[in-house]
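Asker: Take this structure first; my questions come after.
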Amino acid sequence: MIIGIFSGLNVIERDISISYSKGIRIQSISTDINDVKKKFDLSDIMYFAKCGVETIIEDDVTQRFSAEELPSWNLLSRTSYGYHYISLRLTIIWGLGFLARYFVLLPFRLILAVLGIGWLIVCTAFIGYLPAGKFKRELNQYVMLMCFRILSRACSAIVTFHNRENKAKNGICVANHTSPIDVIVLSCDNCYALVGQAQGGLLGVLQRAMGRATAHIWFERSEVKDRHLVTKRLKEHVDDLDKLPMLIFPEGTCINNTSVMMFKKGSFEVGTTIYPVAVKYDHRFGDAFWNSSKQGMIQHLLNIMTSWAVVCDVWYLPPMSKLDGEDAVEFANRVKSEIARKGGLVDLEWDGQLKRAKVKDSWKEKPQEEYSKMLKVD
Amino acid sequence: MGARSSMQLQEEEINEIQRETGFSQSQIVRLYSRFTSLDKSNNGFLSREDFLRIPELAINPLGDRIVHAFFQESNDDTVNFKQFMRVLARFRPIKTNQDKNKMNTREDKLRFAFKMYDLDGDDKISKDELLAVLHMMVGANISEEQLGSIADRTITEVDYNKDNQISFEEFVKAMEKVDVEQKMSIRFLN
């Protein structure tokens, strides 16, 4: 007895969309609605009504903050949206899979993770004692790659790197963000200086350990608000050619890897070459998305370590620089489009912070403005 | 773990909704999944905040009126799945087979549009109500006098019984030449 297996496809075909930068877009009308000038008609309300109800049924944004739906079940109960009791045979298979994942794969991966972290702390402490110089840098590179490769095995990560000739040597590397695992995945192939908020607990220990061997940038919570300070520290790091390229996730939050959301302009103001990187996970083996509003980090890591595997593709894109006459926001959008295109992700202008924050009332002003431009007023 | 969208929807409820609204089984199930994903507090109801959490709806100048339409259906400050579906049913495309049109006739669609203007629900659109809705649509971009003259012109054009208000019948007559089927229908897949 099978009840409701979803195909994970769209429910409707969207016709009208309102965006706060592009105004009103209607698919079914061939001329650009924004070029039309007409008198007010009582039926104008129908555009707004239809668009509104369409977004209630299906919108571009809220779906990005929950894990991607799969066309068919991958035997993980966490991805069983709407799948209910399907059949006895399937349940048995799922049960076997469960036992394999939790009692064979998980212990093995946990041991690797502990080894990896332990080795990292020991080696970085040792490297920390060395005098600054070429040897220290090369040893750090060697050790970091080794440790992150161990950690990636702890997640059973199978990563395919493309276009490695574009790998960053210094400057700033930007990538789309899905999970903290992104760092491990990217660090298997190249050494980066990480940027982030200083944390407590085990993460803090790791941060300090890595900080001994090479320069990373860890901000205190209070410092994050100070934009100038952030830009200054980034610039100082980037100008020093002996330091590693910085890895930054300009979305500022984890998105579910079906789209790329607004890039914050901070890293694009520093004025250096940007090395874009696109990361795309294959969700059939296990969803890598960290829904930080629903799950803690530990639970997320547990999820990763009890999935079948973490399979992903990483594309190194050719370096990009800000063009003359382009401002930081335009540059950020340009880089975002490139990453979205390469990774096969949807390019959205919406801010990832909408995961938690509300839309500002003032955003209504743009569609209001667009509509009033269309009206012929006596 | 997946409990969010587990099938709390009983077979009989699906059939009932199908009879009432004309949606197919798979459409109902799919829309139920959407309903539960909007229901962040997981209590089987949607509140106003749940709707306005959708960014594209929040920036829609008439977002509040649209949400209000759902709460008018429920006559309450929460919307359950049946009430949710009843409102969505208005936007089903009109089928050539008359029997298949449950809540989506031309008149049903026009009534939805009429209610968007009728702020106090007295079945008439007054000049003040028209002005208020115009205000929502254009914001501060058009002056009061110009909006006033637009409202006056609109009412004069359609007001047959000269009571300076638009009744539903007058509204229907005014929309005679409008392709309501296209403008107030959403293309549902499968």
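If you're matching them up, the sequences are chains A and B in order.
In case it helps, UniProt numbering puts the first sequence at residues 1 to 378.
In case it helps, UniProt numbering puts the second sequence at residues 1 to 190.
Glycine is no exception: its CB is placed at the ideal position from the N, C-alpha and C atoms.
#1: Tell me the DSSP secondary structure of A/Ser-123 in three-state form.
#2: Would you list, in chain order, the members of the region 75 to 91 of chain B that have their beta-carbon closer than 9 Å to a beta-carbon of chain A?
#3: For B/Arg-34, tell me which candidate among B/Ala-151, B/Gln-18, B/Pro-61, B/Asn-80 has the shortest Cα-Cα distance.
#4: Using a Cβ-Cβ cut-off of 9 Å, state whether B/Leu-131 counts as contacting chain A.
#5: Mind checking if A/Val-36 is an interface residue toward chain B, Cβ cutoff 9 Å exclusive?
#6: With a 10 Å radius around its C-beta and 16 neighbouring C-beta atoms as the bar for buried, classify B/Asn-60 as buried or exposed.
#7: So, using beta-carbon positions, are A/Val-270 and A/Thr-231 closer together than 9 Å?
#8: What three-state label does DSSP hand A/Gly-196 in the structure shown?
#9: Can you give the Cα-Cα distance for B/Met-7 and A/Leu-348, rounded to whole angstroms?
#10: Any C-beta of chain B sitting closer than 9 Å to the C-beta of residue 385 of chain A?
#11: Which one of B/Lys-40, B/Glu-20, B/Asn-15 has the shortest CA to CA distance from B/Val-29?
#12: List the residues of chain A that B/Tyr-117 touches, going by C-beta distances under 7 Å, in chain order.
#13: By how many angstroms is the C-alpha of A/Ile-117 removed from the C-alpha of A/Gly-196?
#14: Which residues of the region 342 to 368 of chain A have a Cβ closer than 8 Å to any Cβ of chain B? Give them in chain order.
#15: Please classify A/Phe-126 as buried or exposed, where buried requires at least 16 neighbouring CB atoms within 10 angstroms.
#16: Just to make sure I have the definition right: I need the residues of chain A whose C-beta is within less than 7 Å of the C-beta of B/Ile-59. Which are they?
#17: Take B/Leu-62 and list the residues in its own chain whose beta-carbon comes closer than 8 Å to its own, dropping the five residues that flank it on each side.
#18: Quick check: is the beta carbon of B/Met-184 nearer than 9 Å to any beta carbon in chain A?
#19: Give the single residue among A/Tyr-129, A/Asp-351, A/Trp-73 whose Cα lies nearest to the Cα of A/Met-261.
#20: Interface residues of chain D around A/Asp-15 at Cβ under 8 Å?
#21: Find the residues of chain B that neighbour A/Asn-74, judging by a C-beta separation of less than 8 Å, and give them in chain order.
#22: Rounded to whole angstroms, what is the Cα-Cα separation between B/Leu-38 and B/Lys-82?
#23: Give me the chain B residues within the contact set of A/Ile-56, using Cβ-Cβ distance strictly less than 7 Å, ordered along the chain.
#24: With 16 other CB atoms within 10 Å as the buried threshold, where does B/Asp-76 fall?
#25: Identify every run of the alpha helix (DSSP H) within the region 203 to 243 of chain A, keeping only runs that are complete inside it and at least 4 residues long; order them along the chain.
#26: Nearest-angstrom Cα distance between A/Gly-82 and A/Gly-211?
#27: Where does the unbroken beta strand (DSSP E) through A/Tyr-129 begin, and where does it stop?
#28: Residues in the same chain with beta-carbon distance under 8 Å from A/Asn-166, minus the five sequence neighbours each way, listed in chain order, please.
#29: Within this structure, are the beta carbons of A/Gly-286 and A/Ser-307 separated by less than 9 Å?
#30: Quick one: what's got a C-beta closer than 6 Å to A/Phe-65's C-beta in the same chain, skipping five residues either side?
#31: Between B/Met-175 and chain A, is there a C-beta pair that is closer than 9 Å?
#32: Quick one: measure Cβ to Cβ for A/Val-314 and A/Leu-186, integer angstroms, because I've assumed they're closer than 8 Å.
#33: I want to verify the contact list: residues of chain B whose CB lies under 7 Å from the CB of A/Asn-190, in sequence order.
#34: Using only the alpha-carbon positions, how far apart do A/Leu-105 and A/Ile-298 sit?
#35: Does the contact criterion of 3 or more C-beta pairs under 8 Å hold for the region 166 to 184 of chain B versus the region 122 to 131 of chain B?
#36: Go ahead and pull the three-state DSSP assignment for B/Ala-132.
Answerer: The relevant details are as follows:
#1: Translated into the one-based positions of the first sequence, residue 123 of chain A becomes position 123. Inspection of the sequence shows that residue 123 of chain A is occupied by Cys rather than by Ser. Note: A/Cys-123 maps to helix in three-state DSSP.
#2: Phe-84, Val-87, Leu-88, Arg-90, Phe-91
#3: The residue given as residue 34 of chain B occupies position 34 in the second sequence. The residue with the shortest Cα to Cα distance from B/Arg-34 is B/Asn-80.
#4: Here residue 131 of chain B is taken as the residue at index 131 of the second sequence, counted from 1. So no, B/Leu-131 is outside the interface.
#5: In the first sequence, the residue the question calls residue 36 of chain A occupies position 36. No, no contact with chain B.
#6: As a first step, residue 60 of chain B must be located in the second sequence, where it is residue number 60. When all chains shown are included, B/Asn-60 counts as buried.
#7: Translated into positions along the first sequence, residue 270 of chain A becomes position 270. Translated into positions along the first sequence, residue 231 of chain A becomes position 231. In this structure, A/Thr-231 lies closer than 9 Å to A/Val-270 by Cβ.
#8: For the purposes of this step, residue 196 of chain A is taken as the residue at position 196 of the first sequence. If DSSP states are grouped into helix, strand and coil, A/Gly-196 belongs with the strands.
#9: As a working note, residue 7 of chain B is residue 7 in the second sequence. As a working note, residue 348 of chain A is residue 348 in the first sequence. Low local confidence applies: a pLDDT of 49 at B/Met-7 is under 50, so the model's placement there is unreliable, with the coordinate-based value given in what follows. Rounded to the nearest angstrom, the two C-alpha atoms are 31 Å apart.
#10: Lying before the first or after the last residue shown, residue 385 of chain A is absent from chain A, which here runs from 1 to 378.
#11: If you number the second sequence from 1, residue 29 of chain B lands on position 29. Among B/Lys-40, B/Glu-20, B/Asn-15, the Cα nearest to that of B/Val-29 is on B/Asn-15.
#12: Taking the first residue of the second sequence as position 1, residue 117 of chain B is located at position 117. Near B/Tyr-117 (Cβ distances below 7 Å), the residues of chain A are Ile-45.
#13: Position 196 of the first sequence, counted from the first residue, corresponds to residue 196 of chain A. Position 117 of the first sequence, counted from the first residue, corresponds to residue 117 of chain A. So the two alpha carbons sit approximately 19 Å from each other.
#14: Trp-350, Leu-354, Lys-358, Val-359, Trp-363, Lys-364, Glu-365, Lys-366, Pro-367, Gln-368
#15: The count along the first sequence starts at 1 and reaches residue 126 of chain A at position 126. The residue is exposed, with fewer than 16 neighbouring Cβ atoms inside 10 Å.
#16: Taking the first residue of the second sequence as position 1, residue 59 of chain B is located at position 59. Simply Ile-18, Tyr-20, Val-359, Trp-363, Lys-364, Pro-367.
#17: Sequence index remark: in the second sequence, residue 62 of chain B carries index 62 (1-based). If we look at B/Leu-62 and ignore the five residues flanking it on each side, its Cβ neighbours are Met-116, Val-133, Met-136, Met-137.
#18: Here residue 184 of chain B refers to the residue found at position 184 of the second sequence. It does: the Cβ of B/Met-184 has a partner Cβ on chain A nearer than 9 Å.
#19: If you number the first sequence from 1, residue 261 of chain A lands on position 261. The candidate whose alpha carbon is nearest that of A/Met-261 is A/Asp-351.
#20: Looking at the structure shown, chain D is missing, and the protein chains on hand are A and B.
#21: Within the first sequence, residue 74 of chain A is the residue found at index 74, counting from 1. Within 8 Å Cβ-Cβ: nothing; A/Asn-74 doesn't reach chain B, min ~12 Å.
#22: Looking up residue 38 of chain B in the second sequence gives position 38. Looking up residue 82 of chain B in the second sequence gives position 82. Those two C-alpha atoms are separated by around 15 Å.
#23: Taking the first sequence and counting its residues from 1, one reaches residue 56 of chain A at position 56. In chain order: Phe-51, Ile-54, Leu-57.
#24: Translated into the one-based positions of the second sequence, residue 76 of chain B becomes position 76. Looking at its Cβ environment, which holds fewer than 16 other Cβ atoms inside 10 Å, B/Asp-76 is exposed.
#25: 221 to 224, 227 to 239
#26: What you label residue 82 of chain A is simply residue 82 of the first sequence in a count that begins at 1. What you label residue 211 of chain A is simply residue 211 of the first sequence in a count that begins at 1. In this prediction, A/Gly-82 has a pLDDT of 47, which is less than 50 and means its spatial position is unreliable; nothing more can be read from the coordinates.
#27: On the first sequence, residue 129 of chain A is found 129 positions in, with the first residue counted as 1. It is not in any beta strand (DSSP E) - A/Tyr-129 carries neither H nor E in the DSSP assignment.
#28: As a first step, residue 166 of chain A is located in the first sequence; it is residue number 166 there, counting from the start. Only Tyr-275, Tyr-316, Leu-317, Pro-318, Pro-319 meet the Cβ criterion.
#29: Mapped onto the first sequence, residue 286 of chain A falls at position 286. Mapped onto the first sequence, residue 307 of chain A falls at position 307. Contact flag set, yes.
#30: For the purposes of this step, residue 65 of chain A is taken as residue 65 along the first sequence, with counting starting at 1. So the list reads Lys-355, once near-sequence residues are dropped.
#31: What you label residue 175 of chain B is simply residue 175 of the second sequence in a count that begins at 1. So, interface residue.
#32: Indexing the first sequence from 1 puts residue 314 of chain A at position 314. Indexing the first sequence from 1 puts residue 186 of chain A at position 186. Correct: roughly 7 Å between the Cβ atoms.
#33: For this step, residue 190 of chain A is matched to residue 190 along the first sequence. Result: empty, since nearest Cβ-Cβ is about 35 Å, beyond 7 Å.
#34: As a position in the first sequence, residue 105 of chain A is number 105, starting the count at 1. As a position in the first sequence, residue 298 of chain A is number 298, starting the count at 1. Roughly 17 Å between the two C-alpha positions.
#35: yes
#36: Here residue 132 of chain B refers to the residue found at position 132 of the second sequence. Residue state, collapsed to three classes: helix.
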